[in-house]
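These notes are about the structure you will find just below.
Protein chains: 2
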Amino acid sequence: MKEIRVAIIGFGTVGQGLGQTMLAQHERLLQRTGISYVLAAVADTSITSLPKGYEHVTFSQDANDIFADPTIDIVVELIGGMEPAKSFLLKAIECGKHVVTANKALLSVHGKEIFTAANKKNVEVGFEASVGGGIPVIKALKEGLVANKINFIKGILNGTANYILSQMTDHGTPFDEVLAEAQALGFAEADPTYDIEGIDTAHKLAILMSIAYGLNVHLDDINVEGISSIKPIDIEFARQFGYRIKLLAISRNHGDHVEARVHPTMVPAEHMLATINGAFNGIQFQGDTVGDVLLYGQGAGMMPTGSAVAADVVDIGRNIVSNAVNRVSPLSYLPENMGTPRITPMSELVCPFYFRITVQDRPGALAQITSIFGTHGISIQSMMQQADEDNDPVYIVFRTHLTTEGGVNKALAEIDALDVCTAPTVKIRLMNAE
Amino acid sequence: MKEIRVAIIGFGTVGQGLGQTMLAQHERLLQRTGISYVLAAVADTSITSLPKGYEHVTFSQDANDIFADPTIDIVVELIGGMEPAKSFLLKAIECGKHVVTANKALLSVHGKEIFTAANKKNVEVGFEASVGGGIPVIKALKEGLVANKINFIKGILNGTANYILSQMTDHGTPFDEVLAEAQALGFAEADPTYDIEGIDTAHKLAILMSIAYGLNVHLDDINVEGISSIKPIDIEFARQFGYRIKLLAISRNHGDHVEARVHPTMVPAEHMLATINGAFNGIQFQGDTVGDVLLYGQGAGMMPTGSAVAADVVDIGRNIVSNAVNRVSPLSYLPENMGTPRITPMSELVCPFYFRITVQDRPGALAQITSIFGTHGISIQSMMQQADEDNDPVYIVFRTHLTTEGGVNKALAEIDALDVCTAPTVKIRLMNAE
Numbered sequence: 047m048k049e050i051r052v053a054i055i056g057f058g059t060v061g062q063g064l065g066q067t068m069l070a071q072h073e074r075l076l077q078r079t080g081i082s083y084v085l086a087a088v089a090d091t092s093i094t095s096l097p098k099g100y101e102h103v104t105f106s107q108d109a110n111d112i113f114a115d116p117t118i119d120i121v122v123e124l125i126g127g128m129e130p131a132k133s134f135l136l137k138a139i140e141c142g143k144h145v146v147t148a149n150k151a152l153l154s155v156h157g158k159e160i161f162t163a164a165n166k167k168n169v170e171v172g173f174e175a176s177v178g179g180g181i182p183v184i185k186a187l188k189e190g191l192v193a194n195k196i197n198f199i200k201g202i203l204n205g206t207a208n209y210i211l212s213q214m215t216d217h218g219t220p221f222d223e224v225l226a227e228a229q230a231l232g233f234a235e236a237d238p239t240y241d242i243e244g245i246d247t248a249h250k251l252a253i254l255m256s257i258a259y260g261l262n263v264h265l266d267d268i269n270v271e272g273i274s275s276i277k278p279i280d281i282e283f284a285r286q287f288g289y290r291i292k293l294l295a296i297s298r299n300h301g302d303h304v305e306a307r308v309h310p311t312m313v314p315a316e317h318m319l320a321t322i323n324g325a326f327n328g329i330q331f332q333g334d335t336v337g338d339v340l341l342y343g344q345g346a347g348m349m350p351t352g353s354a355v356a357a358d359v360v361d362i363g364r365n366i367v368s369n370a371v372n373r374v375s376p377l378s379y380l381p382e383n384m385g386t387p388r389i390t391p392m393s394e395l396v397c398p399f400y401f402r403i404t405v406q407d408r409p410g411a412l413a414q415i416t417s418i419f420g421t422h423g424i425s426i427q428s429m430m431q432q433a434d435e436d437n438d439p440v441y442i443v444f445r446t447h448l449t450t451e452g453g454v455n456k457a458l459a460e461i462d463a464l465d466v467c468t469a470p471t472v473k474i475r476l477m478n479a480e
Numbered sequence: 047m048k049e050i051r052v053a054i055i056g057f058g059t060v061g062q063g064l065g066q067t068m069l070a071q072h073e074r075l076l077q078r079t080g081i082s083y084v085l086a087a088v089a090d091t092s093i094t095s096l097p098k099g100y101e102h103v104t105f106s107q108d109a110n111d112i113f114a115d116p117t118i119d120i121v122v123e124l125i126g127g128m129e130p131a132k133s134f135l136l137k138a139i140e141c142g143k144h145v146v147t148a149n150k151a152l153l154s155v156h157g158k159e160i161f162t163a164a165n166k167k168n169v170e171v172g173f174e175a176s177v178g179g180g181i182p183v184i185k186a187l188k189e190g191l192v193a194n195k196i197n198f199i200k201g202i203l204n205g206t207a208n209y210i211l212s213q214m215t216d217h218g219t220p221f222d223e224v225l226a227e228a229q230a231l232g233f234a235e236a237d238p239t240y241d242i243e244g245i246d247t248a249h250k251l252a253i254l255m256s257i258a259y260g261l262n263v264h265l266d267d268i269n270v271e272g273i274s275s276i277k278p279i280d281i282e283f284a285r286q287f288g289y290r291i292k293l294l295a296i297s298r299n300h301g302d303h304v305e306a307r308v309h310p311t312m313v314p315a316e317h318m319l320a321t322i323n324g325a326f327n328g329i330q331f332q333g334d335t336v337g338d339v340l341l342y343g344q345g346a347g348m349m350p351t352g353s354a355v356a357a358d359v360v361d362i363g364r365n366i367v368s369n370a371v372n373r374v375s376p377l378s379y380l381p382e383n384m385g386t387p388r389i390t391p392m393s394e395l396v397c398p399f400y401f402r403i404t405v406q407d408r409p410g411a412l413a414q415i416t417s418i419f420g421t422h423g424i425s426i427q428s429m430m431q432q433a434d435e436d437n438d439p440v441y442i443v444f445r446t447h448l449t450t451e452g453g454v455n456k457a458l459a460e461i462d463a464l465d466v467c468t469a470p471t472v473k474i475r476l477m478n479a480e
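For the protein sequence lines, the chains are G and A, in the order given. By the working numbering, the letter at position 148 of the first sequence is numbered 194, and the numbering carries on one by one without gaps. By the working numbering, the letter at position 69 of the second sequence is numbered 115, and the numbering carries on one by one without gaps.
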């Protein structure tokens with residue numbers, strides 16, 4: 047019987063999820079693959095021993111013990127963050143180990159260095175769990191959709207942000223209250239910055255774009271706006287226009303340049319992405335051959351993430367056993383064919399927009415505003431004025447046809463400088479129909 | 047440069063879809079895999095030459111020319127149906143060719159024979175395109191979810207049936223009219239039996255179950271009911287109860303037995319499967335590790351199917367080049383670990399039900415009916431009576447709690463035998479909440 051020996055560095059939630067999965071699924075994996083996948087070692091500095099059930103597993107507080115163990119085939123890094131995760135991954139690679147990680151932050155910043163090191167040592171890098179939790183999205187993109195030019199990627203990639211927006215939408219509760227609730231319930235971290243400010247989503251988009259297009263996309267390439275400034279009133283106006291607000295990762299492939307953006311987006315209520323609520327994730331691809339494909343599931347959590355990490359372990363194990371290491375390139379394109387992205391500047395972005403303009407209710411205000419739109423060639427699709435006549439200032443909201451963000455920014459600067467405008471205009475992008 | 051030479055038998059819609067994909071994506075596949083995938087030969091009895099663009103491709107009306115060509119690595123069967131598709135596949139395997147097929151009808155009936163033959167000759171059988179068109183569902187199940195016991199499968203697997211039900215739901219049009227329209231528009235075949243009677247869906251469910259559970263599931267194992275008896279009035283009552291009617295493939299894994307059924311099903315309106323309309327497909331899996339995963343996309347069509355067939359070709363090509371043939375077992379489990387299913391008898395099925403009972407509007411009718419339900423231990427969740435008082439007979443509709451189909455059938459036999467009942471009761475199963 048062939049055996050693949052696996053070591054985990056970092057035995058937190060996901061590490062334990064993988065540990066439990068390897069124990070629970072050992073027999074099933076053996077029946078499916080003919081390979082005995084053995085959890086051989088765990089390293090973690092924050093515990094002194096492993097819990098019950100792991101008696102056969104070597105424990106150490108020092109990851110170097112794992113690198114030094116010549117029987118270990120695959121090292122799974124589940125510490126997260128930059129250091130020591132990066133050094134550990136590079137050390138494992140240097141020692142000729144195959145590596146698996148769920149660390150999107152690391153890959154979106156230092157991916158090139160890690161993939162280059164792995165290529166040099168001819169070891170594999172698995173990272174299915176870095177995007178979409180348990181959803182097999184990386185494999186779908188690298189293998190299932192291999193015969194496709196990817197036209198666009200649209201995704202709800204952060205469960206915390208989606209949970210908060212869903213709660214705000216369903217109950218009209220302000221952002222701060224929902225966030226506090228989510229933190230109390232354990233759905234949001236004590237420091238929720240990465241989740242709510244779109245940074246975690248950007249990590250994941252950088253990874254998806256790299257695979258989809260064969261471009262080394264870096265976190266810094268992604269234009270990011272979070273959800274902390276979204277107000278219940280904008281969610282309500284969105285609803286009246288027939289939209290829901292979601293934090294979307296969006297990349298459209300224009301051939302010689304690619305969009306790379308994460309921001310609150312108004313999604314048509316009947317679109318499948320608008321129906322993905324709570325902590326779930328959904329990722330839509332459009333391929334030139336396949337058309338639209340959407341994958342949905344739990345984007346985080348101990349066991350879903352464990353499922354994805356285990357799938358990588360199994361995949362690499364099969365390759366080790368059949369001498370087919372790097373049978374599929376880690377980023378789908380051969381390393382020598384990876385290019386450098388040219389990112390569409392946000393000022394050149396073309397999409398429909400929503401504006402909420404705060405004005406004193408004076409005759410002529412609307413004329414002044416629409417005249418500015420006209421000057422900048424911004425064509426209005428529909429308009430609503432807040433019904434409550436007692437309020438002054440009032441909100442006037444607009445939904446535009448396709449227009450260019452650069453022109454929008456100029457127009458809004460002029461509008462916000464008007465005497466009648468008493469607060470900065472709120473701008474939310476609509477999802478392109480395609 | 048490594049080259050993989052591919053031959054297509056059957057150059058109809060899907061065959062041409064694959065041909066176009068191989069031409070259009072040749073350069074991309076080369077950049078991704080380092081392999082030149084060449085369409086080398088086509089055989090088709092119904093044409094005399096290939097269209098423009100295929101000048102480099104050898105054409106024959108005789109598939110034997112392909113089997114005899116030692117340079118062909120992969121034979122793609124896209125004829126469909128039983129014969130000669132089956133003989134051709136077996137012949138190709140006998141000649142040591144790897145094979146790819148989209149032929150769900152064939153696999154769900156003769157799969158065991160074909161997989162056994164391929165195993166003996168150590169060649170691969172790719173069949174991604176047999177279920178869910180372009181959606182990479184087979185790969186997701188075999189590889190992405192490998193570390194999961196699959197608890198259930200629920201799917202909309204036939205675009206024609208889903209299109210017809212969607213049209214009936216949106217416009218209240220009777221089945222026959224929608225079918226005639228669909229045929230006129232080319233969305234339904236001249237003989238739509240396989241699509242509307244659930245047989246095509248059953249083919250696909252048999253394949254998914256085989257992979258999910260490691261059991262040789264045969265078409266005959268699947269309990270099948272089609273949509274031709276669905277009436278707009280049942281769709282309307284479903285709507286009032288908060289459901290939509292979909293033709294679902296359902297299999298739940300009870301460990302020592304597995305459900306295997308295809309029938310019109312009332313799906314809660316807020317469930318993602320209820321939102322899948324028109325010709326799209328959606329497949330939900332629940333794994334014990336990953337939880338719920340749903341995949342969505344175009345379930346048929348020239349290019350989506352071409353995308354899936356091409357993915358198989360690429361996969362097998364990679365294995366040929368890296369000497370890793372049958373790196374993944376065709377049905378996920380090693381051939382020697384495939385078992386024989388024990389199918390849950392429909393009489394033992396436990397789910398909630400909808401009944402539409404046709405009665406003369408007489409005092410005591412309801413009491414007689416509910417008394418029969420009581421005798422058989424059927425607990426009613428809610429009831430509606432048709433509002434229109436001028437009608438006689440009238441409809442009384444019920445939605446039950448979880449109950450056993452065997453008991454339901456006995457109760458309905460008694461109810462239909464009542465003097466007040468003037469037409470057979472319509473019974474529609476509800477989707478289990480889980």
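Just so you know, even glycine gets a beta-carbon here, dropped at the ideal spot from N, CA and C.
Residues in the region 177-197 of chain A having any Cβ partner in chain G nearer than 7 Å: Contact residues of the region 177-197 of chain A toward chain G are 180, 181, 182, 185, 186, 189, 190, 191, 192, 193, 194, 195 (C-beta to C-beta distance below 7 Å).
From G:419, G:390, G:391, residue whose alpha carbon lies closest to that of residue 403 of chain G: Of the candidates G:419, G:390, G:391, the residue whose Cα lies closest to the Cα of residue 403 of chain G is G:419.
Bridge partner(s) assigned by DSSP for residue 298 of chain A: BP columns for residue 298 of chain A point to A:198.
The region 330-359 of chain G: positions lying closer than 7 Å to chain A by Cβ: 333, 335, 336, 337, 338, 339, 340, 341, 342, 343, 344, 349, 350, 352, 353, 356, 357
Residues, ordered as in the chain, of the region 370-400 of chain A that lie near chain G by beta-carbon distance below 8 Å: Within the region 370-400 of chain A, the qualifying residues are 370, 373, 374, 375, 378, 379, 380, 383.
Residue 384 of chain G beta carbon less than 9 Å from that of residue 260 of chain G: In contact: residue 260 of chain G and residue 384 of chain G (Cβ atoms closer than 9 Å).
Bounding residues of the alpha helix (DSSP H) (the contiguous stretch that carries residue 214 of chain G): Boundaries of the alpha helix (DSSP H) harbouring residue 214 of chain G: 205-217, taken from the DSSP string.
Where residue 318 of chain A meets chain G, residues with beta-carbon distance less than 7 Å: 321, 342
Assigned exposure category for residue 200 of chain G - 16 Cβ within 10 Å defines buried: buried
Boundaries of the alpha helix (DSSP H) in which residue 224 of chain A is found, first to last residue: 221-231
Where the beta strand (DSSP E) containing residue 308 of chain A begins and where it ends: 307-314
Cutoff 8 Å; reference residue 300 of chain A; Cβ partners in own chain excluding five residues on either side: 390
Partner residues on chain A for residue 75 of chain G, Cβ-Cβ distance less than 9 Å: 192, 193
Coil, strand or helix - residue 156 of chain G by DSSP: helix
Alpha-carbon spacing of residue 539 of chain A relative to residue 214 of chain A, whole angstroms: Nothing about residue 539 of chain A can be read from this structure; chain A reaches only from 47 to 480.
Secondary structure of residue 117 of chain G, DSSP reduced to three states: coil
Three-state class that DSSP yields for residue 380 of chain G in the structure shown: Residue 380 of chain G falls in the coil class under three-state DSSP.
Residue-level contact to chain A via CB, residue 324 of chain G, 9 Å cutoff: So no, residue 324 of chain G is outside the interface.
Contact under 9 Å by Cβ, residue 79 of chain A with residue 475 of chain A: no
Check whether residue 327 of chain A and residue 204 of chain A have beta carbons under 9 Å apart: yes
Three-way DSSP call (helix, strand, coil) for residue 240 of chain G in this model: helix
Local Cβ density within 10 Å of residue 166 of chain G, reported as buried at 16 or more and exposed below that: Exposed, by the Cβ-count rule.
Buried/exposed call for residue 102 of chain A, threshold 16 Cβ in 10 Å: exposed
Residues near residue 297 of chain A in its chain [Cβ-Cβ closer than 7 Å; skip 5 each side]: 198, 199, 251, 255, 304, 305, 306
Straight-line gap, residue 447 of chain A to residue 112 of chain G (C-alpha atoms, nearest Å): 54 Å
With 16 other Cβ atoms within 10 Å as the buried cut-off, status of residue 47 of chain G: exposed
Among G:74, G:99, G:245, G:93, the one whose alpha carbon lies nearest that of residue 86 of chain G: Nearest neighbour of residue 86 of chain G by Cα position, chosen from G:74, G:99, G:245, G:93, turns out to be G:99.
Where residue 341 of chain G falls: helix, strand or coil (DSSP): strand
Per-residue DSSP class, three states only, for residue 130 of chain G: coil
Residue 67 of chain G: contacting residues in chain A (beta-carbon distance under 7 Å): 193, 335
Simplified DSSP assignment, three categories, for residue 142 of chain A: Residue 142 of chain A falls in the coil class under three-state DSSP.
Residues bridged to residue 473 of chain A [DSSP beta-bridge criterion]: A:401
Run of the beta strand (DSSP E) containing residue 58 of chain G, from where it starts to where it stops: Neither: residue 58 of chain G is in no beta strand (DSSP E) and is coded neither H nor E.
Rounded C-alpha distance that separates residue 369 of chain G from residue 74 of chain G: 23 Å
Beta-carbon proximity check, residue 54 of chain A vs residue 61 of chain A, cutoff 9 Å: Contact flag set, yes.
Three or more C-beta pairs below 8 Å linking the region 190-197 of chain G and the region 174-185 of chain A: yes
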